[in-house]
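Quick notes on the structure that follows.
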Amino acid sequence: MKVLVFIKRVVDYNVRVKVRPDGSGVDTAGVKMSINPFDEIALEEALQMREAGKAEEVVVVSAGGNECQQQLRTGLAMGADRAIQIDTAGALQPLTAARAFLALVQQEQPGIVLMGKQAIDDDNNQTGQMLAALWGRPQATNAAEVVLNGDSARVTREVDAGLEVLDVDLPAVITTDLRLNTPRFVKLPDIMKAKKKPLDVVALDDLTGSSEADLQIDQWSPPAQRSKGIMVDDVAGLVTELKSRGLL
Amino acid sequence: MTKILILAEHANGQLNPSTAKCVSCAAAIGGDVHIAVFSDQGATVAQQAAGLAGVSKVLQLDHQDFAQPLAAMIAPELAAQADGYSHVLAPSTMFGKDVLPRAAALLGVNQVSDIMSVNSGRSFKRPVYAGNAIVDVSVPGDGLIVATVRTASWAAAGEGGNAEVEQVSAQSERPSHTRFVELQTEGGDGPDLQTANIVISGGRALASEENFELIYALARKLKAGVGASRAAVDAGYVPNDMQVGQTGKIISPELYFAFGISGAIQHVTGIKDAGTIVAVNKDADAPIFEIADIGLVGDLFQVIPELEQALS
């Protein structure tokens, strides 16, 4: 079985992004970029499937300009067998991404598609579900555990009420949550080896048509700040303060 | 004409309050507001939905396929029912986030995720970068808008409505490739974290599962929901579904207590919309004090029992 893993290049999760004063976007110049952390978990899961003998090949895919090859090389260094860059200048909105991914899925015929539940830049949480819909295949979002049983998978999902367990026939799209696994660290020899692994480039236009449904971002602004409150000295002071505000 | 369809969330015969929050968002957009209830036996929930102020019609879609909240089943039918509507909304809960993008893709549109406020019928504010930036996003053209509603940004619509309930037959083709196995709930018997007026959370400083009993006891006294920081969840003191924060639950209680929580961005993102934040921490330099309305530097193992006594 082949596993396709979609990864996105995003501002590293440790970076505190700031909105530009003119409201045109966030400052990303010179900022550290990484694989979206949820996608990194997806890749780790795929590698563990291969190491457990449940998958033969792990293909890592990213959409973006040549800069995203950096994240694809990291994915190869983690252990992916080969990489595909969907070449596109601008950021893709979820529906366009899902359409492009579908075209690639139809070429590659994977048994499982894995990706993060959301990207930590646009926080959309849509692409996996959209790909599953367009593909007409099952989705299991927010996976906390994945057990493969032949031609189906039992997925434990994080939901608001606790954990939901689903059986999905394969092929299926599984999106990953934080607790599925802990991604491995990349070792230096693996980085050297990754340079020799195949990285193919395919143009976005060869996979999908124009994106007529794109949403438009008109304005960026910083979030409203909570103002600093008061300090109390002891529990009596706390209770007095809460009572005076009508909260107790 | 603006006509809005809201996907109801419910469980065990109870409408989830996130649905009433979507009704408030729909009211801000303006227009006719309908609610779709997908269930195997939706009569009770449909009645609750019909009682929400501002709702003019409830579509009750009863079918065995809708006995569980499965995206693979609900999305195709929701897409089929969307005909004639200008907007389709769902709460930005795990349920809504699972179902709605699948329906949006079937309808050939992008989804507006996490509406915080409404600029106009086609322009909305939503958070990106974990709430570190807010964007105004507009939907070009005049086609259908599919959107999730950030529940922490909206008050629940009140009661007093008297909408008609219409039984609607399912018309979509639904797959057999996705099967519900079970739902494991670990949470206690206290109020739901996402709807409680008061929430009390503990952090890593609690230091053990046993010590969390302190938090539970205070919560029982205040009829509060109980939450936890990611550090406390990762340390195994409490189950995952109690996590408050960017990767857990985003909540907006009237009163929030953070005991022994340092205030990592991850956590703060989940409580920014709380009415009043009370922080108790031994470390006077903890970042939580920068956003707390009332701060107390102290040892939670002394403060909590004292507070409990003061409230008796």
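Listed in order, the protein sequences are those of chains A and B.
Following the working numbering, the numbering of the first sequence begins with 54 at its first residue and continues without gaps.
Following the working numbering, the numbering of the second sequence begins with 112 at its first residue and continues without gaps.
Glycine included, each C-beta is placed from N, C-alpha and C at the ideal position.
Computed from a predicted model, the values in this text were never measured in an experiment.
Of the other Cβ atoms in all chains shown, 16 or more fall within 10 Å of the Cβ of Thr209 of chain A; this residue is therefore buried. For Pro302 of chain B against Val260 of chain B, the beta-carbon gap comes to about 22 Å, at or over 8 Å, which does not count as contact. Our two residues, Trp265 of chain B and Ile60 of chain A, have alpha carbons roughly 33 Å apart in a direct line. Using a Cβ-Cβ cut-off of 8 Å, Tyr367 of chain B does not count as an interface residue toward chain A, since no Cβ of chain A sits closer than that to its own. Under the 10 Å beta carbon count, Ser263 of chain A is surrounded by fewer than 16 other beta carbons and is classified as exposed.
Rounded to whole angstroms, the separation of the alpha carbons of Asp259 of chain A and Ser340 of chain B is 45 Å. The beta-bridge partner set that DSSP reports for Ser234 of chain B consists of B:Ser231, B:Ser249.
Straight through space, the alpha carbons of Gln124 of chain A and Gly164 of chain A are spaced by roughly 23 Å. C-alpha of Phe323 of chain B to C-alpha of Gly313 of chain B: approximately 7 Å in a straight line. The beta strand (DSSP E) runs of length 3 or more contained entirely in the segment 315-360 of chain B are, from start to end of the chain, 336-339. Here the alpha carbons of Asn127 of chain B and Ala172 of chain A stand approximately 27 Å from one another. In terms of Cα proximity to Asp140 of chain A, the closest of A:Ala133, A:Ala150, A:Met131 is A:Ala150. Sequence-distant partners of Leu301 of chain A (beyond 5 residues in either direction) whose C-beta falls short of 6 Å from its own C-beta, in its chain, are Leu295. Chain A places no beta carbon closer than 8 Å to that of Val279 of chain B, leaving this residue out of the contacts.
Secondary structure note for Thr387 of chain B: its beta strand (DSSP E) is the uninterrupted segment 387-392. Taking 7 Å as the Cβ-Cβ cut-off, the segment 326-354 of chain B approaches chain A at Asn351, Asp352, given in chain order. Nearest Cα to Gln179 of chain B within the set B:Ile140, B:Lys132, B:Ala119: B:Ala119. Between the beta-carbon of Asn221 of chain B and that of Gln278 of chain A there is about 30 Å, and that puts the pair past the 8 Å contact cut.
For Phe206 of chain B, the closest of B:Ala281, B:Ser228, B:Gln192, B:Leu181 by C-alpha to C-alpha distance is B:Leu181. Proximity of Lys208 of chain B to chain A, defined by a Cβ-Cβ separation below 8 Å, is satisfied.
Note on Met102 of chain A: 16 or more other CB atoms within 10 angstroms of its CB, so buried under the neighbour-count rule. Among the residues of chain B, none has a CB under 8 Å from the CB of Gly164 of chain A; the nearest is roughly 13 Å distant. Within the segment 210-228 of chain B, Val210, Leu211, Pro212, Arg213, Ala214, Ala215, Ala216, Leu217, Gly219, Val220, Asn221, Gln222, Val223, Ser224, Asp225 place their CB atoms closer than 9 Å to a CB of chain A, listed in sequence order.
The C-beta of Gly83 of chain A has fewer than 16 other C-beta atoms within 10 Å across all chains shown, which makes the residue exposed. Spanning the alpha carbons of Gly162 of chain B and Ser135 of chain B requires a straight line of approximately 14 Å.
Around the beta-carbon of Leu241 of chain A, fewer than 16 other beta-carbon atoms lie within 10 Å, marking it exposed.
Per DSSP, Trp265 of chain B lies in no beta strand (DSSP E) and is assigned neither H nor E.
Pro212 of chain B is not a Cβ neighbour of Met227 of chain B, given a cutoff of 8 Å. Here Met112 of chain B is exposed, its C-beta having fewer than 16 other C-beta atoms within 10 Å. Within chain B, Pro212, Arg213, Ala215, Ala216 have C-beta atoms less than 8 Å from the C-beta of Met183 of chain A, given in sequence order. Contact annotation, Lys168 of chain B with Glu275 of chain B: C-beta distance approximately 6 Å; criterion of less than 8 Å satisfied. Collapsing the DSSP output to three states places Ser297 of chain A in a helix.
Around Ala343 of chain B, the same chain offers Gly313, Gly314, Arg315, Leu317, Val349 as residues with beta carbons nearer than 7 Å, after the five sequence neighbours per side are excluded. Residue environment for Met353 of chain B: buried (at least 16 other C-beta atoms within 10 angstroms of its C-beta). Contact note: Ile244 of chain A does not reach chain B at a C-beta cutoff of 7 Å; the least C-beta distance is about 29 Å.
Going by DSSP, His198 of chain B is part of the beta strand (DSSP E) stretching over 198-202.
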